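Chains Z and L are the protein sequences, given in the same order. Residue numbering for the first sequence follows the numbering used here, starting at 1056 and increasing by one per position. Residue numbering for the second sequence follows the numbering used here, starting at 1056 and increasing by one per position. A virtual CB, placed ideally from N, CA and C, is assigned to each residue, including glycine. Keep in mind that this is a model prediction, so the values were computed, not measured. I have placed the structure first, in the form of structure tokens, so that the comments after it can refer back to it.
Number of protein chains: 2
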Amino acid sequence: MRKLSFLFAAAAIFAPISLTHAAGDTATSYPAPSEIVAAAPAGDWTTIDASDLLVMDLAPDNKGKPRRVVIQLMPAPFSQGWIGNIRKLAAAHFWDGTSVNRVQDNYVVQWGDASEKKALPPGLVTVGEEGYLTKSGDLERLVKAAIEHDTIGTARPDHLAIVHDPYSDFATSWRGWSVGSNMSYVWPVHCYGMVGVGRNLSPDTGTGAELYTVIGHAPRHLDRNIALVGRVIEGMENLSSLPRGTGDLGFYKTAEERTPILSVRMMNEMPNDKPLPAYEYLNTESKTFAKYADARANRRDPFFIKPAGGADICNIPVPVRRKR
Amino acid sequence: MRKLSFLFAAAAIFAPISLTHAAGDTATSYPAPSEIVAAAPAGDWTTIDASDLLVMDLAPDNKGKPRRVVIQLMPAPFSQGWIGNIRKLAAAHFWDGTSVNRVQDNYVVQWGDASEKKALPPGLVTVGEEGYLTKSGDLERLVKAAIEHDTIGTARPDHLAIVHDPYSDFATSWRGWSVGSNMSYVWPVHCYGMVGVGRNLSPDTGTGAELYTVIGHAPRHLDRNIALVGRVIEGMENLSSLPRGTGDLGFYKTAEERTPILSVRMMNEMPNDKPLPAYEYLNTESKTFAKYADARANRRDPFFIKPAGGADICNIPVPVRRKR
């Protein structure tokens, strides 16, 4: 809430930081965040369209076990230039035969064409740096309403759970994603499992052919400096447990150390001879999400003796699961 | 800075969040944090005593490569009850023949006696929950001086870099460690690579026989709920890249999946027939550290186009290296 101080009355500033328990809640035992999520009504979940799912198959591990990674690409209004490119790259089978080339501990796993010579498919767009930001749209209205009603922190009336954020004016969960914001704009944030677009020095913003995912503490200093395009929703362990790179920045020194990528496809373009799973996420505007965020910030389930009274945005991951 | 609002004048509240560049600095090119650390004078480094180093040797990997993990235990005044126990456990060779039993993605790796039947050595103490906190001592004086001189944020005159923290009143780097604080007390924080003590339900606080380390985004909700006793300073990849557990909470379902621990020793009790490395950390009260913290919060090295203007405490890890 760094700069909100200059925007609003001081009284509103400190409340958001502690997601206090909703007034009138008389429960005496407290469910864990996972229990709150499990109890969510069906209507609080949104199915992820198969056309937003990128499926990457790595070579099987040394015991012959298949290694599939499923990535949910960000829907509109986020990062659309790069995501259009990624759809084209998948359709052209660009990543087939490429590899995971970099695994830097507590930072990122990165994959793509190690030779940097493979031809890109036609029609990729160049996105400007303004693409790192998204107009906040209804979020601005929701936050203003929450301030007006002095309900920030109780996550009502619009069920927004706004959290304290050293990297932006405030952070929240919006349209299914964790975002930082300066009120006019929002941007996705570099939490564990988020997928981003490798680039060269500015003004380059990358095409989307070179991708990475976060495998350590959130490197939030990358926010607004590099495009985020999605998140790993299944098979994260197939990337995070890879051997760490032997060279500078976690790149492998030899080609043999790289993990081959067999194929990358959009799920809706995969053969449907075998049934494919569907996924859903918990609506960030639901009452359940507000309760879940509160429980993440104030752990009161039996193991805990001291609720923190706050949480950072990356400790309130949006729940995603296979659809039952 | 959650509750500082109630302690100090409003004017002092917002400055700390952005670690602004020191006034009068006219440099036009900005070194990366790693370059600042590399340029630190020798006097800014403190050698870690071999009697504070816990050395764990795992069974070699499937290519026969040795896997050593070096942990720096927290010196006084932190966590001394548990650390005394850990010294006794190492001296008794308690962990030899035990194993890594749990690897939960984006959370922890945990090791110890999976049978839970191995006899503990005599003389272990039971530590109360008050042991999670440490009297802040001179930190309180340093913070008050920084507030009085209105120098919070510029990390002067005492070179403290105080950061915005959703989990405590403020977080800072003190006596070589990252801590949260409520002014009277400090406590170590659950950043990547920190080592803690497994426990059962409160009032149990654990003996130190069951240890874990953080391998994902900082689970800061565990702060003040569980004892932290040190940090992994070398060989972290030998834990973080282990296969994820197959059962609930990342525990391995079968004994075969566990990684055997060959031995755990205090470094000063190891045979010295082979030369052992020495380590040093960057003094958190040094001018170099203040510069480093500022650079972590405001990346201006060539890759970056937008400095964040802030950082969370776990993104300002205390630099530790092999002594040259």
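Apart from sequence neighbours up to five positions away, the residues of its chain that approach L:F1306 with a beta-carbon distance below 7 Å are N1156, R1157, G1300, ordered along the chain. Note: L:A1226 is bridge-paired with L:V1218, L:G1235 in the DSSP secondary-structure output. Here Z:K1120 is exposed. Its C-beta has fewer than 16 other C-beta atoms within 10 Å.
For Z:P1315, the uninterrupted beta strand (DSSP E) segment begins and ends at 1314-1321. Boundaries of the alpha helix (DSSP H) harbouring Z:W1137: 1135-1146, taken from the DSSP string. Here Z:H1245 is buried, its C-beta having at least 16 other C-beta atoms within 10 Å. Taking C-beta atoms as the reference points, Z:L1337 and Z:V1287 fail to come closer than 8 Å. L:L1294: member of the alpha helix (DSSP H) spanning 1292-1295, first to last residue. L:F1306 has a beta carbon lying at 8 Å or more from every beta carbon in chain Z. Contact residues of the region 1365-1378 of chain L toward chain Z are G1365, A1366, D1367, C1369, N1370 (C-beta to C-beta distance below 8 Å).
For Z:Y1187 and Z:R1279, the gap between their C-alpha atoms comes out near 5 Å. Looking at L:Y1347, L:A1095, L:Q1159, the one whose alpha-carbon comes closest to that of L:G1302 is L:Q1159. Between Z:T1262 and Z:L1294, the beta carbon gap of about 21 Å keeps them out of contact (Cβ cut-off 8 Å).
Note that the C-beta distance between Z:M1129 and Z:P1243 is below 8 Å. Beta bridge pairing from DSSP links L:E1335 with L:T1102, L:R1376. When secondary structure is reduced to three states using DSSP, L:N1156 falls in the strand class. Among the CB atoms of chain Z, none fall inside 8 Å of the CB of L:L1266. Interface criterion met: the Cβ of L:A1273 is under 8 Å from a Cβ in chain Z.
Residues of chain Z whose Cβ lies closer than 7 Å to the Cβ of L:K1361 are, in chain order, R1279, N1280. Residue nearest to L:V1092 within the set L:A1348, L:N1353, L:R1354, L:G1364 is L:A1348 (criterion: CA-CA distance). If the five residues before and after Z:R1123 are omitted, its C-beta is found closer than 6 Å to the C-beta atoms of D1112, G1290, all from its own chain and listed in chain order. Contact of Z:Y1222 with chain L by beta-carbon distance below 7 Å involves A1363, G1365.
Closer than 7 Å at the C-beta level to chain Z, one finds these residues of the region 1289-1305 of chain L: M1291, E1292, S1295, S1296, L1297, P1298, R1299.
The continuous alpha helix (DSSP H) containing L:V1092 extends over residues 1088-1093.
Within the same chain, V1269 come within 6 Å of Z:Y1247 by CB-CB distance, once the 5 residues on both sides are set aside.
At least one CB of chain L lies nearer than 8 Å to the CB of Z:V1218. The beta-bridge partner set that DSSP reports for Z:I1126 consists of Z:L1109, Z:V1287. Neighbourhood of Z:N1156 in chain L, by CB distance below 9 Å: empty, with the nearest CB roughly 16 Å away. Apart from sequence neighbours up to five positions away, the residues of its chain that approach Z:Y1162 with a beta-carbon distance below 6 Å are G1271, ordered along the chain.
In this chain, the beta strand (DSSP E) harbouring L:T1268 covers 1266-1269. With respect to chain L, the C-beta atom of Z:N1161 has a partner C-beta closer than 8 Å. Taking a beta-carbon distance threshold of 8 Å, L:F1133 does not count as an interface residue toward chain Z. For L:Y1347, the uninterrupted alpha helix (DSSP H) segment begins and ends at 1342-1352. The residue from Z:D1104, Z:E1184, Z:G1285, Z:S1239 with its alpha-carbon nearest to that of Z:L1256 is Z:E1184. In the displayed model, Z:G1167 falls within a strand according to three-state DSSP.
Within 7 Å of the CB of Z:Y1247, the CB atoms of chain L belong to N1161, G1271, H1272, in sequence order along the chain.
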